[in-house]
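Asker:
This is the structure:
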């Protein structure tokens with residue numbers, strides 16, 4: 002098992018700034034730490050081996066540690082709601098339960114967990130609406146309906162309480178009834194336990210516990226919750242849904258939360274007269290269609306009254322909230338690049354890992370004299386790292402071995418993730434209730450954002466996806482002695498074009514898949530002004546994301562309509578709640594990847610990688626500098642990722658999608674297996690030949706082209722390309738081609754445009 006985990010408070014930090022590390026120990030009371038520069042994290046015996054040179058700093062040494070836990074689960078809390086036990090009141094809401102088999106779940110509560118006084122409105126296992134009233138230890142009463150609510154069906158629920166008499170009423174009525182399905186319920190009774198007046202915050206979708214945590218979370222959507230003075234029949238709920246509301250009912254509103262207001266925020270707006278606004282914790286999903294959604298409008302910006310629902314999950318997580326274990330002021334002289342805090346709490350063996358690498362990046366100084374920065378910037382794809390953060394689909398999904406065409410091997414981190422679902426999933430995973438994970442945060446331990454994490458996709462002992470694969474490129478740049486800065490996706494989103502402006506060349510990681518609109522616009526502006534882009538991966542600029550406008554370190558994704566996806570957004574829920582933009586594939590909003598990097602996604606497969614074969618355009622005089630010293634017809638028939646330079650995910654040229662018509666097809670990959678499959682956005686009717694052994698469209702294009710402003714684009718079009726750089730002690734045709742391109746791109750002479 003993994004005995005030490007942690008995370009930094011940021012992924013990008015500048016010299017002179019402080020980075021804080023949150024560390025948790027499964028055993029012991031201390032850990033050793035030291036700063037290392039990340040050069041190569043792949044332990045494949047065919048590669049150059051692990052390279053983590055130590056960088057002495059004040060952080061080196063022994064530090065106190067302890068276990069730190071995560072209190073996951075989203076909920077709403079309204080601090081100013083008055084104590085409700087002094088007079089009759091009624092709670093109305095529309096409910097869409099998604100996991101009624103997991104109970105009990107708190108829908109609403111005003112409960113003091115220490116004195117065990119107050120009330121909790123719950124859904125018991127099986128979906129039965131229930132009320133629990135407490136007046137101290139041993140003095141509790143429970144009243145529940147006999148029939149349960151159906152999964153993913155809207156219900157109007159009503160709970161009325163008269164504290165003086167003990168009279169209570171419960172009602173659950175389906176919005177859409179079905180023949181022979183008796184899922185409605187209405188009952189009244191008198192409780193022998195009185196409801197006291199309790200000074201406690203009012204909560205939705207969770208209940209405070211004596212240990213300070215929040216538990217009994219509700220899984221599902223809640224729409225339009227209302228607290229109303231007086232004991233009211235369920236029929237009054239319908240009157241409250243009218244506009245304008247009856248004056249008599251309006252006067253009795255204690256609080257009425259309208260979740261269609263301020264969807265991009267964490268505030269739950271109370272439109273009642275007293276403005277008991279709530280705060281949302283751990284980012285439940287917003288921009289969700291409500292009980293009254295008709296399909297007439299799919300954009301919540303245009304018809305917000307149809308998007309009054311919030312989807313709560315017991316496994317939502319935004320900020321783990323761990324205390325800082327150790328922090329470091331980045332020395333002013335520390336060179337920009339990839340770094341990690343190497344932490345250990347003892348010796349490791351085959352069954353137990355007592356070390357970890359907490360990765361981060363040192364960006365260039367925020368203020369640097371003009372002309373003092375290197376010409377090259379490496380754009381670290383941190384948005385992609387966050388999208389894949391704690392990717393656990395391989396652990397729970399059936400058929401993963403079929404897609405890989407082999408048995409999967411899990412490491413210590415995989416096992417730890419399986420046993421600790423509170424760490425939160427990736428944008429490829431589903432919540433426990435089956436709904437897709439829309440939000441992903443870096444403010445938590447991310448087990449696969451580590452230079453020694455070996456992806457389950459790798460096979461044959463190789464590292465593959467994301468950060469570990471990118472260390473192949475860091476190692477090659479260091480081997481070549483190239484001076485470069487590292488900037489991150491989050492930096493680019495925050496700073497825009499100004500961050501790129503003074504760099505002549507930008508080189509990408511192996512899988513820059515996720516980009517916000519601000520990132521996309523900045524990169525396009527830089528290219529149009531003469532920037533030189535070296536796209537060193539595959540499946541880039543694929544999904545559109547949003548960063549939260551006020552909360553740091555979290556992104557949103559809507560898997561809308563098309564694309565390779567492990568879950569599909571509900572119809573009507575394609576717009577991003579963080580900024581109101583239409584989500585999904587960049588291709589589906591008219592900005593295909595080809596427009597940025599010259600090529601676009603064409604195929605995916607995870608078994609073996611293949612070589613490239615030289616194409617006629619390689620002999621074009623414009624490409625002479627690329628093939629200097631490379632007469633070979635076959636390129637990249639070797640590598641640490643699947644044994645070749647073209648693998649995992651491939652891109653190709655397509656002028657109809659925006660590839661510039663002057664792009665040269667220098668080489669194309671060949672001999673792909675039946676498991677390298679054409680991506681689904683490339684066909685309507687499913688063709689009989691989508692595998693690489695029968696479909697000629699399944700290939701990667703090595704491509705180059707100049708831009709009208711004297712810049713240029715170079716695309717490898719394969720995630721596996723960088724895994725071939727170190728072959729034969731870096732002396733190979735993949736390495737030479739890459740070096741030829743980078744060397745020319747770093748020269749000041751503009752590329753000819755005619």
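Residue numbers (this note's numbering): 2 to 755. C-beta: ideal position from N, C-alpha, C; glycine also. All values derive from a computational prediction rather than experimental measurement.
How far does the beta strand (DSSP E) with residue 258 in it extend, from its first residue to its last?
Answerer: Where residue 258 is concerned, the enclosing beta strand (DSSP E) stretches over 254–259.
Asker: Between the C-alpha atoms of residue 615 and residue 717, what's the straight-line distance to the nearest angstrom?
Answerer: Approximately 13 Å, taken between the alpha carbons.
Asker: At 4 residues or longer, and completely inside the segment 335–393: list those alpha helix (DSSP H) runs for me, N to C.
Answerer: Complete alpha helix (DSSP H) runs here, min 4: 383–388.
Asker: Spatial neighbours of residue 485 within its chain, please: C-beta separation below 7 Å, excluding the five flanking residues on both sides.
Answerer: Here the set comprises 375, 377, 378, 379 and 478.
Asker: Contact defined as beta carbons within less than 8 Å: I believe residue 704 pairs with residue 677. What is the distance between those atoms, to the nearest angstrom?
Answerer: The Cβ separation is near 19 Å, so there is no contact.
Asker: Assuming contact is defined by CB atoms lying nearer than 8 Å, are residue 619 and residue 655 in contact in what I supplied?
Answerer: No, these two residues do not count as a Cβ contact at 8 Å.
Asker: Thinking C-beta only, is residue 446 closer than 8 Å to residue 428?
Answerer: Not closer than 8 Å, so no.
Asker: Rounded to the nearest angstrom, how far is the Cβ of residue 172 from that of residue 187, given a contact under 8 Å?
Answerer: Indeed, because the Cβ distance is near 5 Å, the residues count as touching under 8 Å.
Asker: On a CA-only basis, which of 711, 488, 531 and 564 is nearest residue 15? Give me that one, please.
Answerer: That would be 488, whose Cα lies nearest to the Cα of residue 15.
Asker: Beta-carbon separation of residue 357 and residue 6 under 8 Å?
Answerer: Result yes, Cβ atoms of residue 357 and residue 6 sit closer than 8 Å.
Asker: Check this for me: beta carbons of residue 279 and residue 258, under 8 Å apart or not?
Answerer: Going by C-beta atoms, residue 279 is nearer than 8 Å to residue 258.
Asker: Please classify residue 572 as buried or exposed, where buried requires at least 16 other C-beta atoms within 10 Å of its C-beta.
Answerer: Burial call: exposed.
Asker: Can you tell me the Cα-Cα spacing of residue 105 and residue 73, whole angstroms?
Answerer: Between residue 105 and residue 73, the C-alpha separation is close to 16 Å.
Asker: For the pair the segment 11–26 and the segment 328–340, tell me if three or more CB-CB distances fall below 8 Å.
Answerer: Counting Cβ pairs under 8 Å, three or more are found: they touch.
Asker: What whole-angstrom Cβ distance do residue 343 and residue 3 have, given they're in contact under 8 Å?
Answerer: Their Cβ separation, rounded to whole angstroms, is 15 Å, which puts residue 343 and residue 3 out of contact at 8 Å.
Asker: In whole angstroms, give me the CA-to-CA distance for residue 499 and residue 509.
Answerer: Taking the straight line from one Cα to the other gives about 18 Å.
Asker: Using 8 Å as the threshold, is the segment 635–655 in touch with the segment 593–608, meaning 3 or more CB pairs across them?
Answerer: The answer is yes - the segment 593–608 touches the segment 635–655, with three or more Cβ pairs under 8 Å.
Asker: Taking the beta carbon of residue 746 as the centre, do at least 16 other beta carbons fall within 10 Å, making it buried, or is it exposed?
Answerer: The residue is buried, with at least 16 neighbouring Cβ atoms inside 10 Å.
Asker: Quick one, are the C-beta atoms of residue 467 and residue 385 less than 8 Å apart?
Answerer: Cβ atoms of residue 467 and residue 385: closer than 8 Å.
Asker: Can you find at least 3 beta carbon pairs, one from the segment 79–91 and one from the segment 196–216, that sit closer than 8 Å?
Answerer: Cβ pair count under 8 Å is three or more, so yes.
Asker: Helix or strand or just coil, what does DSSP make of residue 524?
Answerer: Residue 524 falls in the helix class under three-state DSSP.
Asker: With distances taken Cα to Cα, identify the nearest neighbour of residue 1 among 341, 285 and 304.
Answerer: Coverage of the chain is limited to positions 2 through 755, which leaves residue 1 absent and any answer about it impossible.
Asker: Would you decide whether residue 182 is buried or exposed? Buried here means 16 or more other CB atoms lie within 10 Å of its CB.
Answerer: The residue in question, residue 182, is exposed, as its Cβ has fewer than 16 Cβ neighbours within 10 Å.
Asker: DSSP beta-bridge partners for residue 141?
Answerer: Per DSSP, 135.
Asker: Quick one: grab the DSSP three-state call for residue 126.
Answerer: Here residue 126 sits in coil by DSSP.
Asker: Take residue 439 as the anchor and find which of 568, 481 and 359 has the nearest alpha-carbon.
Answerer: Out of 568, 481 and 359, 568 has the C-alpha closest to the C-alpha of residue 439.
Asker: Just the C-alpha distance for residue 31 and residue 720, rounded to the nearest angstrom, thanks.
Answerer: Those two C-alpha atoms are separated by around 39 Å.
Asker: Assess contact between the segment 91–104 and the segment 228–247, defined as three or more Cβ pairs (one per stretch) separated by less than 8 Å. Is contact present?
Answerer: These segments touch.
Asker: If you follow the alpha helix (DSSP H) that residue 214 is in, where does it begin and where does it stop?
Answerer: Residue 214 -> no alpha helix (DSSP H), and no H or E assigned at all.
Asker: Please go through the same chain and pick out, in chain order, the residues whose beta-carbon is closer than 7 Å to the beta-carbon of residue 306, but skip the five residues on each side of it.
Answerer: The answer, listed in chain order, is 261.
Asker: Could you pull out every residue in the same chain whose Cβ sits closer than 8 Å to the Cβ of residue 87, ignoring the five residues on either side in sequence?
Answerer: Closer than 8 Å at the Cβ level, and outside the excluded window around residue 87, lie 164 and 198.
Asker: Is it true that the CB of residue 541 sits closer than 8 Å to the CB of residue 712?
Answerer: No. Outside cutoff.
Asker: What do you reckon, are the CB atoms on residue 645 and residue 610 nearer than 8 Å?
Answerer: Contact: yes.
Asker: Which whole runs of the alpha helix (DSSP H) in the segment 518–579 are 4 residues long or more, in chain order?
Answerer: Counting whole runs of 4 or more residues, the segment 518–579 contains the alpha helix (DSSP H) stretches 518–529.
Asker: Apart from the five residues on each side of it in sequence, which residues of its chain come closer than 7 Å, Cβ to Cβ, to residue 431?
Answerer: Result list for residue 431: 437, 438 and 568, in chain order.
Asker: Who does residue 71 pair with in a DSSP beta bridge?
Answerer: DSSP lists no partner for residue 71.
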